[in-house]
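There are 2 protein chains.
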Amino acid sequence: MTERIYAKYWIETPFPVAMAAEVMAGEQSSGTFTRLANETDELRAAHGARVESIVELDDVADPSLPIRPLPADMRGSARFRRAEVVLSWPLANLGPSLPNLLATVAGNLFELREFSGLRLLDLTLPPAFADAYRGPQFGISGTRELVGVASGPLIGTIIKPSVGLSPAQTAGLVRELVEAGIDFIKDDELQANGPHNPLTERVDAVMRVINEHAERSGKKAMYAFNITGEIDEMRRHHDYVVAAGGSCVMATLNAVGLPGVAALRSHSEVPIHGHRAGWGLFSRSPHIGISYIAYQKLWRLAGVDHLHVNGLRNKFSEPDDSVIASARECQTPMFAAPKPGCTVMPVFSSAQSAEQAADTYAALGNTDLIYCCGGGIFAHPGGVAGGIASLRQAWEAAALGVPLDVHAERHPELAQAIRTFRK
Amino acid sequence: MTERIYAKYWIETPFPVAMAAEVMAGEQSSGTFTRLANETDELRAAHGARVESIVELDDVADPSLPIRPLPADMRGSARFRRAEVVLSWPLANLGPSLPNLLATVAGNLFELREFSGLRLLDLTLPPAFADAYRGPQFGISGTRELVGVASGPLIGTIIKPSVGLSPAQTAGLVRELVEAGIDFIKDDELQANGPHNPLTERVDAVMRVINEHAERSGKKAMYAFNITGEIDEMRRHHDYVVAAGGSCVMATLNAVGLPGVAALRSHSEVPIHGHRAGWGLFSRSPHIGISYIAYQKLWRLAGVDHLHVNGLRNKFSEPDDSVIASARECQTPMFAAPKPGCTVMPVFSSAQSAEQAADTYAALGNTDLIYCCGGGIFAHPGGVAGGIASLRQAWEAAALGVPLDVHAERHPELAQAIRTFRK
């Protein structure tokens, strides 16, 4: 087994960059704080992590993260050097195991005293991971098929208020939404299986509406029921959703963990909608964390079909170029010999309305996405039907290359959306 | 159900603190970026999160984390105000579910554009969580019983080099260690079930040595086999360990996730050793993350028996007072009516040797801990036996209140340790 795992990092260190990179490599493979007799040269050659490349960047006068006092001879004069470094590990150390990969490439590294900044930027994995994990079961094409939308974005929404509605009230909203022709609906990540709105009761109430409408109209909206919970509970709830005719389940990824998602994937008969709540903890600081580029590879291998990427001009702090880079990465195969359907559908969400459609299309270059609007639908002056119509009109304008305001002249719902949501 | 969940945060914001706290509360309960008709006052009263308290702290001129451009009227003059705020949620929103608790108290908050810093500091949970989760099965007293160490710390070690040894080489080290009277041995978190050292072969080789020694001497060392992996794989490996006479399994918590640990706990017949690799991502920045005080509560409820807390003068960047606060919290019950054995055994590890024993004892005030030394044992000039003897001598000195150097005058292994490891 000569295959290797590659990980790229951004680092900041007051020490020579090459030395600091060797500390990372040693700490995350065969080394410890002192050289041991049984760490032979042979063992190091076979199992040590290797520093593959170093690209030095800028340096700064002050450490970005708190750091222990420097050795006396460095105080005062130290510069904090930044670099991109690539490390590699033999697959033989851990095998194609996602949780153990995480412990290796994002384990005890972040705490190392040699660093005043450390971010995992990217991962390149050997094909053994693609063999060991199932990956997405439905992905973009399978999701399109289930919803019956061959082209254009899936127009979606989040049930709002996030929490507090009863199952019957939720179903009431769903009735309005499906009658207005929505493609996709999801629970908020705050609404899972609380006693105020238990999952099974919500499934009963919602699927009655969706199934009835599908029988009448031939169009069956996809509802992502949030089954985030314990392992057996998720399996049980998945079965409940499927038995009721549901076509999607949702899990909050950071809350459920990689083995939790893989366990759900091995059991699931419907797409898994992956919510990234808590993602800010990994992304918000430029000096510590994990990039979405690396992060989404882990969850895709574990088996999610949809992944949240935020949206343009969102209510959070993520810049637009980062949103688009994330979405594009979700649509890109991870391996040289990709399995069919291995890409996932990016989910645009957070303060989205008709306003961002054209820019999203222009930046991404395709419509293989779910476009989720909460307030952008529910707060539309024309109600849910007006909100959904305005979104279809906005994406139509984008596809035609017609400016939004021009298209709005003949599309009153779009005109209303612009008046309501433009800032 | 009128019980509430309380979470304390450190925040930094350019907006009035009370307003920013309301944004947090709204975003994580019934609000969205625009007020909706069906978010009634009644619904908000019943399901909205509440701002319970605000303590304003200092303010700074520059944002600690990157933030979107401020509104024109605030630019230039804004101060970034810091505060501790407590929010509360009705348990009815989510029920006593750890993954959904995480999505609520550490979900989409970190990204909010209103904040240039946000850390979760503490959690106070209603007793329903203690009823819903098993918590530690063995804890401090159960672990002591299994190892046969009624008082004093458990002297432990980590197999080093972390990776690269074969099962037979691992067992060879274990033989030296048990013959020298070690209490506890663990796999490194980098060594799980890689093809170079598969778990089952390691269990066979190691347990043969431990069982033989136990039969001869009556003392059975506890070996924490790292079974970090997929859910079914962890269950299978747990069974393999138990069938071979093993008395502990280890999981890398961040890699396995809360539902993964809870699934293991519901199945486990031996203590679960909780490794926190990756913890630096949550702790390293003063401006974003989760405190160990809050973090360890989640894993304890999920059911771990031992929790890593780093060690004094460690090889990482964590200060000593933080290490001691973490260890003390592990030893403190979480609920007003605690279950027996609900506390967990803190694991001191990372560049530990005889040198830190007295300070650890003085700071913590008890010996209910596992004291893990890798290099501190293997790099001792007297070999493994000398290393272990030096640690027992150091803790003896601590308990007697005798200065280390004085005790070393009559204890040559301790004297050697001081010469080797003192910096």
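Quick note, the sequences are listed as chains A and B, same order. All residue numbers for the first sequence refer to the working numbering, where the first residue is -17 and numbers rise by one. All residue numbers for the second sequence refer to the working numbering, where the first residue is -17 and numbers rise by one. Note that beta-carbon positions come from the ideal geometry of N, C-alpha and C, so glycine has one too. These numbers were taken from a predicted model, which means no experiment stands behind them.
#1: Considering just the uninterrupted stretch of the beta strand (DSSP E) at MET316/A, what are its terminal residues?
#2: Report yes or no: is there a C-beta of chain B within less than 8 Å of the C-beta of PRO48/A?
#3: Establish whether the CB of VAL238/B and some CB of chain A are separated by less than 8 Å.
#4: How would you list, in chain order, the residues of chain A whose beta-carbon sits under 7 Å from the beta-carbon of ARG411/B?
#5: What are the boundary residues of the beta strand (DSSP E) that includes SER419/B?
#6: What are the start and end residues of the beta strand (DSSP E) that includes PHE62/B?
#7: Which bits of chain A does GLU300/B rub up against, with CB to CB less than 7 Å?
#8: Would you list, in chain order, the members of the stretch 24 to 36 of chain B that have their beta-carbon closer than 7 Å to a beta-carbon of chain A?
#9: Which first and last residues belong to the beta strand (DSSP E) in which CYS(-8)/B is found?
#10: Note down the Cα distance separating ALA233/B from PRO322/A, rounded to an integer number of angstroms.
#11: Whole angstroms are fine: how far does the CA of MET327/A sit from the CA of GLU66/A?
#12: Would a C-beta distance cut-off of 8 Å place GLU93/A and TRP(-8)/B closer than the cut-off?
#13: What are the boundary residues of the alpha helix (DSSP H) that includes HIS104/B?
#14: Using only the heavy atoms of the ligand ZN, determine whether one of them is closer than 7 Å to the beta carbon of PRO118/A.
#15: Can you check whether the CB of GLY211/B is closer than 8 Å to the CB of ALA74/A?
#16: So LEU289/A packs on ARG266/A, CB below 8 Å; how close in whole Å?
#17: Any idea if HIS249/B is buried or exposed, counting beta-carbon neighbours within 10 angstroms, 16 or more meaning buried?
#18: Are there 16 or more other CB atoms within 10 angstroms of the CB of VAL238/B, so buried, or fewer, so exposed?
#19: For the stretch 120 to 150 of chain A, list every residue whose C-beta sits within 9 Å of some C-beta in chain B, in sequence order.
#20: Is it buried or exposed for GLY271/B, if we count other Cβ within 10 angstroms and need 16 for buried?
#21: What residues from chain A crowd round SER12/B, counting only those whose CB sits closer than 8 Å?
#22: In or out: LYS168/B buried (at least 16 other Cβ within 10 Å) or exposed?
#23: With distances taken between CB atoms, is the gap from LEU172/B to ALA85/A smaller than 8 Å?
#24: Determine whether the Cβ of HIS255/A lies closer than 8 Å to any Cβ atom of chain B.
#25: How is the beta strand (DSSP E) around GLY271/B delimited, first residue to last?
#26: Could you tell me which chain D residues have their CB closer than 8 Å to the CB of ALA345/A, listed as they occur along the chain?
#27: What is the rounded straight-line gap between the Cα of PRO72/A and the Cα of ALA344/A?
#28: The beta strand (DSSP E) that contains MET232/A, what's its start and end?
#29: Taking LEU84/B as the query, report the chain A residues whose CB atoms sit under 8 Å from its CB, ordered along the chain.
#30: Quick one: is GLU197/B buried, meaning 16 or more other Cβ sit within 10 Å of its Cβ, or exposed?
#31: Give me, in chain order, the residues of the same chain whose beta-carbon lies closer than 7 Å to that of THR182/B; leave out the 5 immediate sequence neighbours on both sides.
#32: Return the chain-ordered list of same chain residues with a C-beta closer than 7 Å to the C-beta of ALA110/B, the five sequence neighbours on each side being excluded.
#33: Looking at C-beta atoms only, is the number of pairs between the stretch 298 to 308 of chain B and the stretch 351 to 370 of chain B that lie closer than 8 Å three or more?
#34: Does PHE434/A have its Cβ less than 8 Å from a Cβ in chain B?
#35: Looking at C-beta atoms only, is the number of pairs between the stretch 28 to 48 of chain B and the stretch 199 to 218 of chain B that lie closer than 8 Å three or more?
#36: I want to see whether chain B comes within less than 8 Å of LYS279/A, judged by CB atoms only; does it?
Once the coordinates are examined:
#1: Segment: none, MET316/A is in no beta strand (DSSP E) and carries neither H nor E.
#2: yes
#3: yes
#4: Only positions -17 to 405 of chain B appear in the structure, and residue 411/B is not among them; the question remains open.
#5: Chain B is shown from -17 up to 405; residue 419/B falls before or after that span and cannot be answered.
#6: From DSSP, the beta strand (DSSP E) with PHE62/B extends over 62 to 72.
#7: Residues of chain A passing the Cβ test: GLU93.
#8: LEU25, ALA28, HIS29
#9: It is worth fixing the name first, because residue -8/B is Trp in this sequence and not Cys. -14 to -5 is the span of the beta strand (DSSP E), which, as asked, contains TRP(-8)/B.
#10: Counting only the Cα atoms, PRO322/A lies some 33 Å from ALA233/B.
#11: 29 Å
#12: no
#13: This sequence places Asp at residue 104/B; His is not what is there. Careful: ASP104/B lies outside any alpha helix (DSSP H), inside the beta strand (DSSP E) at 99 to 106.
#14: In terms of ligand content, the structure shown is empty, and the ligand ZN therefore cannot be addressed.
#15: no
#16: The pair is not a contact, with the Cβ atoms about 18 Å apart (cut-off 8 Å).
#17: exposed
#18: buried
#19: Listed by position, the residues of the stretch 120 to 150 of chain A near chain B (Cβ gap below 9 Å) are ILE140, LYS142, PRO143, SER144, VAL145, GLY146, LEU147.
#20: It counts as buried.
#21: PRO143, SER144, VAL145, GLY146
#22: buried
#23: yes
#24: no
#25: 270 to 272
#26: In the structure shown, chain D cannot be found, because the protein chains are A and B.
#27: 41 Å
#28: 231 to 234
#29: THR234, ASN236, ALA237, GLY260
#30: exposed
#31: TYR222
#32: GLU(-15), LEU73, PRO78
#33: no
#34: Because chain A is modelled from -17 through 405, residue 434/A falls outside the range shown and cannot be assessed.
#35: no
#36: no
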